[in-house]
Amino acid sequence: MTELYEMTAWQLAEALEKGHTSSVDITRSVIKRIEAVEELIHAYVTAAPERALEMAKEADMKRARGASNKLLGIPIAIKDNMCMKGHRTSCGSRILSNFVPPYDATVVSAMKEAGMVILGSCNMDEFAMGSSTETSFWGPTRNPWDRDRTPGGSSGGSAAAVSAGEAVVSVGSDTGGSIRLPASFCGVCGMKPTYGAVSRYGLVAYASSLDQIGPFGKDVRDLALLLNVLCRHDPKDSTSVPRQHPDFTTVLDAPVAGMKIGLPREFFSKLDHPDVERVMKEAQRVFHGLGIRFVELSLPYLDYGIAAYYIIAPCEASSNLARYDGVKYGHRAADFSNMIDMYRYTRAEGFGAEVKRRIMLGTYALSSGYYDAYYLKAAKVRTLITQDFKAAFKKCDAILCPVAPTPPFKLGEKIDDPIQMYLTDVFTIPVNMAGLPGLSLPGGLSADGLPIGIQLIAPHFEEARLIQLGAAYQRETDHHLARPSI
Ligand code: GLN
Numbered sequence: 002m003t004e005l006y007e008m009t010a011w012q013l014a015e016a017l018e019k020g021h022t023s024s025v026d027i028t029r030s031v032i033k034r035i036e037a038v039e040e041l042i043h044a045y046v047t048a049a050p051e052r053a054l055e056m057a058k059e060a061d062m063k064r065a066r067g068a069s070n071k072l073l074g075i076p077i078a079i080k081d082n083m084c085m086k087g088h089r090t091s092c093g094s095r096i097l098s099n100f101v102p103p104y105d106a107t108v109v110s111a112m113k114e115a116g117m118v119i120l121g122s123c124n125m126d127e128f129a130m131g132s133s134t135e136t137s138f139w140g141p142t143r144n145p146w147d148r149d150r151t152p153g154g155s156s157g158g159s160a161a162a163v164s165a166g167e168a169v170v171s172v173g174s175d176t177g178g179s180i181r182l183p184a185s186f187c188g189v190c191g192m193k194p195t196y197g198a199v200s201r202y203g204l205v206a207y208a209s210s211l212d213q214i215g216p217f218g219k220d221v222r223d224l225a226l227l228l229n230v231l232c233r234h235d236p237k238d239s240t241s242v243p244r245q246h247p248d249f250t251t252v253l254d255a256p257v258a259g260m261k262i263g264l265p266r267e268f269f270s271k272l273d274h275p276d277v278e279r280v281m282k283e284a285q286r287v288f289h290g291l292g293i294r295f296v297e298l299s300l301p302y303l304d305y306g307i308a309a310y311y312i313i314a315p316c317e318a319s320s321n322l323a324r325y326d327g328v329k330y331g332h333r334a335a336d337f338s339n340m341i342d343m344y345r346y347t348r349a350e351g352f353g354a355e356v357k358r359r360i361m362l363g364t365y366a367l368s369s370g371y372y373d374a375y376y377l378k379a380a381k382v383r384t385l386i387t388q389d390f391k392a393a394f395k396k397c398d399a400i401l402c403p404v405a406p407t408p409p410f411k412l413g414e415k416i417d418d419p420i421q422m423y424l425t426d427v428f429t430i431p432v433n434m435a436g437l438p439g440l441s442l443p444g445g446l447s448a449d450g451l452p453i454g455i456q457l458i459a460p461h462f463e464e465a466r467l468i469q470l471g472a473a474y475q476r477e478t479d480h481h482l483a484r485p486s487i
């Protein structure tokens, strides 16, 4: 028998509508699952099962009174960088390990309004800096498919939770690939929406011009449901774009024949992993079978994506993280003799090595005399990348490429070699640089049974097109139905 925790949000919503189950039953099933496997996976930083059950009871009461929105009573996990009133939000860092926000992030308010049941917050790389969830102050999350491997990062906990059945759906944030990479590594679906589509109010800032919140789910249908809750204008975020988002569920069964997909030569020429190559070829076959035509693209500036990102993101981070000084909130060093030492010891104790590396990089690149050489150059490269994509979308409706160059790597394999870790994001970073939406879908398994994702990229605010293509792909394939055995 299929357990409730194994089902998709869509299936659970239908069972709830028919009165076959209750939110309390679903939530209990997920909590039982968390109790059974969390020790092996470590998907959560702070799970809050009692509160979740209260929320589930409330959802059942609302339904009894006639409320009927689709996600009412569905359990969701958030990432540990999204503020929730009264719930510790540590951002995977010691410096925020005692921070309990007095307010809800807009996405959290939206989930509460929809009557969703919030299970708790998931593990992540410290301040979302990383690709493996290993830089978390709380220790790494393990990949449910192979516990010696990383779930990807930085939203590794959110992806692992959905993959392991510890949440029905979840949200993460994506600055350079942090939703799409863990989705790929954990065999689930994840989308980074267009910059400005989802409010960042209450999201702990890493690199503000790149950060974007997005959904994880077992299939594209679940992403559509969740996008309906997440995408909306928020006057509290000045970069939130005022526009009417479509109902993303209306395109789920729409045909895709006649659409054109671009294949960026620069991306495909970089492939040197046989399993990733095979998965990409198979994806092309499936889309071809759906009546899609392919065009070859050249996006020459994408090659400079990583170099430019590792100037821009650390610059913004060095500025955003200046606020953690032990004065206003968060950790404060216990022993100091003057104010300057208080700052120094607090930051020395509170931040981990990767965060310090980024702060130093960013501070150096922004310092007087270097600004033109680094930040300004990187900003120009960013514009060129955006123009590359703009030109590409004149020739195609969407772009297909890998999510990551390899299947999930081993824990410890890259943690001492930052450059190798940074290179993991070669296929995801350009999307953030241009502010575009990107979708990561399970595309098959490697020879040794590990998930490999495929990525679709669309023009700004064309999330619906990604959903349409992804749903069509999942009608023809069953990769999204594969589950790890834990
Ligand atoms: N791995 C990239 C970094 O470390 C991207 C992380 C993210 O998207 N938050 O910055």
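Take the position in the sequence shown, starting the count at 1, then add 1; the result is the number in our numbering.
Beta carbons: idealized from backbone N, C-alpha and C, even for Gly.
The way I'd put it, the stretch 345 to 356 does touch the stretch 309 to 329; three or more beta-carbon pairs between them come closer than 8 angstroms. Put simply, of Lys271, Ser164, Cys232 the residue whose alpha carbon is nearest the alpha carbon of Lys219 is Ser164. DSSP places Ala258 outside both helix and strand once states are collapsed to three, so it counts as coil. Phe249 and Ala78 have their C-alpha atoms roughly 21 angstroms apart. Around the beta carbon of Lys395, fewer than 16 other beta carbons lie within 10 angstroms, which makes this residue exposed. Nearest to Ala448 by alpha-carbon distance, out of Asn339, Met8, His274, is His274. The three-state secondary structure of Asn433, taken from DSSP, is helix.
With fewer than 16 other Cβ atoms inside 10 Å of its own Cβ, Asp373 counts as exposed. Scanning Leu457, Leu97, Glu55 for the CA closest to the CA of Met281 turns up Leu457. Judged by the Cβ position, Asp105 fails to qualify as a neighbour of the ligand GLN at the 6 angstroms threshold, every heavy atom of the ligand being at least this far. Set against 6 angstroms, the gap from the CB of Thr176 to the closest heavy atom of the ligand GLN is smaller.
Relative to the Cα of Gly67, the nearest Cα in the group Gly290, Ala366, Gly116 belongs to Gly116. Every alpha helix (DSSP H) of 4 residues or more that sits fully in the stretch 259 to 319 is shown, in chain order, as 266 to 269, 275 to 290. Cys397 is a Cβ neighbour of Gly263, given a cutoff of 7 angstroms. Pairwise C-beta distances place the stretch 9 to 20 out of contact with the stretch 78 to 89, as fewer than three of them are shorter than 8 angstroms. When the alpha-carbon of Ala225 is set against those of Ser486, Thr478, Ile468, Ala366, the nearest one is in Ile468. In this structure, the straight-line span from the alpha carbon of Pro485 to that of Ala44 is close to 15 angstroms. Look at Gln245 here: in three-state DSSP terms it is coil, with no helix or strand label. At least one heavy atom of the ligand GLN lies closer than 6 angstroms to the C-beta of Gly131.
In this structure the stretch 50 to 63 does not lie against the stretch 128 to 135, because fewer than three pairs of beta carbons, one per stretch, are closer than 8 angstroms. Thr28 is classed as buried because its beta carbon has at least 16 other beta carbons within 10 Å across all chains shown. The beta carbon of Asn124 lies closer than 7 angstroms to those of His43, Ala44, Tyr45, Val46, Asp81, Gly93, Thr134, Ser137, Trp139, Thr142, Gly157, Gly158 in the same chain, with the five residues before and after it left out.
Between the alpha carbons of Ala106 and Cys190 lies a gap of roughly 23 angstroms. A distance below 6 angstroms between beta-carbons, with the five flanking residues on each side excluded, links Leu5 to the following residues of its chain, in chain order: Ile27, Ser30. Segment contact: the stretch 309 to 319 against the stretch 197 to 213, three or more CB-CB distances shorter than 8 angstroms; contact assigned. One alpha carbon belongs to Leu362, the other to Val404, and they sit about 26 angstroms apart. Rounded to whole angstroms, Val230 and Asp479 show a C-alpha spacing of 26 angstroms.
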